[in-house]
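Notes follow once the structure below has been shown.
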Amino acid sequence: MGLSWRRWMFFFCMFLLVFPALAGDKRVWKPLDKDGLHDPQGPSIRELQNPADALSILPPDLIGNMVRWVGALDQGFIQPRANLQPGTKVTVLDMDLIFGKTGDQPYVRFPHKAHTEWLDCANCHEGIFKTKFNASGITMAQILEGRFCGVCHGAVAFPLTECTRCHSVTPDSFKGAFGAQNQTPAGK
Amino acid sequence: MRKIRRLLENKTGWWFLSVLAVGWVAGLFHAQPAGAEYADVVLNRLSEANGVRPVIYPHWFHRIRFRCKVCHSELGFKMKAGGNDINMLELMDGKFCGSCHNNNIAWGLENCHRCHSGLKGLETGIRGGHKAGGPGVW
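So the sequence lines, in the order shown, correspond to chains A and B. The numbers in the working numbering rise by one with no breaks, and the one at position 42 of the first sequence is 42. The numbers in the working numbering rise by one with no breaks, and the one at position 29 of the second sequence is 217.
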C-alpha cells in the first residue's frame, strides 16, 4: 500500500517537472492599460497596439520582450527597414571577434553580423568601442554600469543576466588567435 | 531522493510537500511580467510642464518596422533616454520623430495623445522590469 502511494507521488513529481514544457507558450505581456506607464483613462488606450498582439507570433525568448529579435529578423518574421533616405549606405559586416582574458568565464564571441544587421558601424565606432581589437579596456563591471555592451544589453537588447550568450566559447574548443575570425564558425 | 522518501513517512512531510507542490503550480499560472514592456522609454522633460501627458515610446513596436540604425544613425537619436534635446517644433520641421510621423510613413503629429499617453508624474528614463533597472545611467 505504502509503495503504491510512493509510486503515485513519483508520477505526480514527474508531471510537475514536465508540466511547463507541456503547457506550451506561457509568455505573458501586460496590456497597455495595466503596464504602469500608460494612463488607462487616456484616449490612446483604445488606439495603440498591445505588446501581446505583435510579439506573441515572434520567436520566443524567456527574457526581455520575450522575443528573439535577431532570430525574428534572420528567419524573416519581421522585415524592418534599414534606411529612410535612399542614399544611406547600409553595411553588414560578417566577422566574429573572440575575446580572451575572461577570467573563469568562457571566452566571448562577438558576432558583427547580428549587430550590423540592426546597427550602423558609427553607433559603436569610434564612440562606445575603439575599432582596434582589445583597445577599449572593456570590463564586466563597466558593462554592468551601462557602458560598452551595457549601453544596449540590459536596456533594449537581451539583459546581462544571459551570461552564456556572450561567454559562449570554452577554452577547450578554441585554440586559435584572439581577435577577428575571418569566417563565421559553423553553427553560428 | 532518500530524504524525500523519509519526508513521506510522516504526516507533516506530506503536508510540507503538498503545500510546496500547490504553491509551485499556482506560481506557474500566475506568472506576470513586472510592468512596463522591456525597453519602453518615458520622456517627461517638457511634457507635463506644458500640460500634456508624458511620452511613452515603445521600442518593441518600432523595431518590428525599423532597424536601430534608422533612428540612431540616420535620424540622429542618441542612445540615451532623455539625452536628445528635442521639442515639438523640430518634429514639425520633419526632424526626429517627425521624419516618419508626418501622415506619410506613419500617422501625423496631430495625434498628440498617441505619444503623450503616460501617467502623470513619470520620470524620464528607460523601463521594462528589474532586468532593465540597471544603475540608472540609461
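All residues carry an ideal CB built from backbone N, CA and C; glycine is no exception.
DSSP bridge partner residues for residue i (one or two, in chain order)
i: Met55 (chain A); result: The residue you asked about is not Met; residue 55 (chain A) is Leu in the sequence shown. Beta-bridge pairing links Leu55 (chain A) to no other residue.
i: Ile293 (chain B); result: DSSP, once it has assigned bridges, lists no residue as partnering Ile293 (chain B).
i: Val67 (chain A); result: A:Pro60
i: Val169 (chain A); result: A:Tyr107
i: His304 (chain B); result: B:Val243
i: Ala177 (chain A); result: Answer is none; Ala177 (chain A) lacks a bridge partner.
i: Ile314 (chain B); result: B:Val229
i: Ala157 (chain A); result: A:His153
Rounded C-alpha distance that separates residue i from residue j
i: Lys266 (chain B); j: Trp118 (chain A); result: 15 Å
i: Gly283 (chain B); j: Asn290 (chain B); result: Here residue 283 (chain B) turns out to be Lys, not Gly, going by the sequence shown. Cα-Cα distance, rounded: 10 Å.
i: Pro246 (chain B); j: Glu236 (chain B); result: 19 Å
i: Asp53 (chain A); j: Leu32 (chain A); result: 11 Å
i: Gly313 (chain B); j: Leu231 (chain B); result: 7 Å
i: Ala227 (chain B); j: Val156 (chain A); result: 5 Å
i: Leu263 (chain B); j: Trp212 (chain B); result: 48 Å
i: Thr164 (chain A); j: Gly296 (chain B); result: 43 Å
i: Pro80 (chain A); j: Ala72 (chain A); result: 10 Å
i: Trp326 (chain B); j: Val240 (chain B); result: Any reading at Trp326 (chain B) must be qualified, since the residue scores a pLDDT of 49, below 50, and its modelled position is unreliable; no value is offered.
i: Val108 (chain A); j: Glu126 (chain A); result: 21 Å
i: Asn198 (chain B); j: Phe204 (chain B); result: 10 Å
i: Ala141 (chain A); j: Trp8 (chain A); result: 49 Å
i: Pro221 (chain B); j: Asp61 (chain A); result: Caution applies to Pro221 (chain B), whose pLDDT of 46 falls short of 50 and renders its modelled position unreliable; the model cannot decide the point.
i: Gly306 (chain B); j: His153 (chain A); result: 25 Å
i: Gly324 (chain B); j: Leu196 (chain B); result: At Gly324 (chain B), the pLDDT of 44 sits below 50, so the modelled position is not reliable and the matter cannot be decided from this model.
i: Leu55 (chain A); j: Phe158 (chain A); result: 15 Å
i: Asn292 (chain B); j: Asn65 (chain A); result: 28 Å
i: Cys303 (chain B); j: Ser136 (chain A); result: 38 Å
i: Ile138 (chain A); j: Phe148 (chain A); result: 7 Å
i: Leu84 (chain A); j: Val169 (chain A); result: 37 Å
i: Ile63 (chain A); j: Asp25 (chain A); result: 13 Å
i: Glu225 (chain B); j: Leu310 (chain B); result: 15 Å
i: Gly223 (chain B); j: Ile45 (chain A); result: 16 Å
i: His318 (chain B); j: Ser4 (chain A); result: Because the pLDDT at His318 (chain B) is just 49, under 50, the model does not fix this residue reliably, and the value given afterwards should be weighed accordingly. Approximately 45 Å between the Cα atoms of the pair.
i: Val210 (chain B); j: Val92 (chain A); result: 51 Å
i: Leu234 (chain B); j: Leu277 (chain B); result: 12 Å
i: Cys285 (chain B); j: Val151 (chain A); result: 21 Å
i: Val365 (chain B); j: Trp202 (chain B); result: A query on residue 365 (chain B) cannot be resolved here, the shown segment of chain B reaching from 189 to 326 and no further.
Reference residue i; option with closest CA among the options
i: Asn182 (chain A); options: A:Met95, A:Cys121 and A:Gln105; result: A:Met95
i: Leu58 (chain A); options: B:Pro246, B:Ile244, B:Arg251 and B:Val243; result: B:Arg251
i: Ala82 (chain A); options: A:Cys149, A:Val90 and A:Val151; result: A:Val90
i: Arg27 (chain A); options: A:Asp35, A:Ala135, A:Pro51 and A:Gly71; result: A:Pro51
i: Trp69 (chain A); options: B:Arg190, B:Asp281, B:Asn198 and B:Trp248; result: B:Trp248
i: Cys121 (chain A); options: B:Cys300, B:Ala209, B:Cys256 and B:Val243; result: B:Cys256
i: Lys308 (chain B); options: A:Leu37, A:Phe11, A:Lys130 and A:Asp25; result: A:Leu37
i: Ile274 (chain B); options: B:Trp202, B:Val243 and B:Arg253; result: B:Val243
i: His112 (chain A); options: A:Asp104, A:Ile98 and A:Thr102; result: A:Ile98
i: Ser261 (chain B); options: A:Gly64, A:Thr116 and A:Met66; result: A:Thr116
i: Pro86 (chain A); options: B:Gly270, B:Gly316 and B:Val258; result: B:Val258
i: Leu48 (chain A); options: B:Asn272, B:Leu310, B:Asn299 and B:Arg315; result: B:Asn299
i: Phe174 (chain A); options: A:Val151, A:Gly100 and A:Thr131; result: A:Gly100
i: Pro106 (chain A); options: A:Gly76, A:Met14, A:Phe178 and A:Thr131; result: A:Phe178
i: Ala269 (chain B); options: B:Arg315, B:Asn238 and B:Gly286; result: B:Arg315
i: Ala114 (chain A); options: A:Cys166, A:Asp35 and A:Asn134; result: A:Cys166
i: Ile78 (chain A); options: B:Ser287, B:Arg193 and B:Arg253; result: B:Arg253
Beta-carbon neighbours of residue i, restricted to chain A and to distances below 8 Å
i: Leu196 (chain B); result: Trp5, Arg6 and Met9
i: Lys257 (chain B); result: Ala82, Asn83, Val90, Trp118, Leu119, Asp120 and Asn123
i: Ser287 (chain B); result: Leu84
i: Arg241 (chain B); result: Asp39 and Gly42
i: Ile244 (chain B); result: Leu37 and His38
Partner residues on chain A for residue i, Cβ-Cβ distance less than 9 Å
i: Met280 (chain B); result: By Cβ distance, chain A contributes nothing, its closest Cβ being about 17 Å from Met280 (chain B), past 9 Å.
i: Phe249 (chain B); result: Leu48, Gln49, Pro51 and Ala54
i: Leu231 (chain B); result: The premise fails here: Leu231 (chain B) is roughly 11 Å from chain A at the closest Cβ pair, so nothing lies under 9 Å.
i: Ala209 (chain B); result: Phe12, Cys13 and Leu16
i: Gly306 (chain B); result: Leu37, His38, Asp39 and Gly42
Neighbour list for residue i in chain B, Cβ cutoff strictly below 8 Å
i: Asp35 (chain A); result: Gly223, Ala224, Glu225 and Asp228
i: Lys175 (chain A); result: In chain order: nothing, as chain B lies at least about 34 Å away.
Partners in chain A for residue i, counting only beta-carbon separations shorter than 7 Å
i: Ile252 (chain B); result: Ala54, Ile78 and Pro80
i: Leu310 (chain B); result: Leu37
i: Ile314 (chain B); result: Ala155
i: Trp212 (chain B); result: Leu16
Contacts of residue i in chain B (Cβ-Cβ under 7 Å)
i: Val151 (chain A); result: Met267
i: Gly64 (chain A); result: Tyr226
i: Pro43 (chain A); result: His301
i: Lys130 (chain A); result: Under the 7 Å cutoff, chain B gives no residues; its nearest Cβ is about 17 Å from Lys130 (chain A).
Contact list for residue i against chain C, beta-carbon separation under 8 Å
i: His260 (chain B); result: Protein chains A and B are contained in the structure displayed, whereas chain C is not.
At 3 residues or longer, and completely inside the region 220-276 of chain B: list those beta strand (DSSP E) runs for me, N to C.
List check, beta strand (DSSP E) in window: 229-231 and 243-245.
Could you give the uninterrupted runs of the beta strand (DSSP E) lying entirely in the region 70-136 of chain A, keeping only those of 3 residues or more?
96-99 and 107-111
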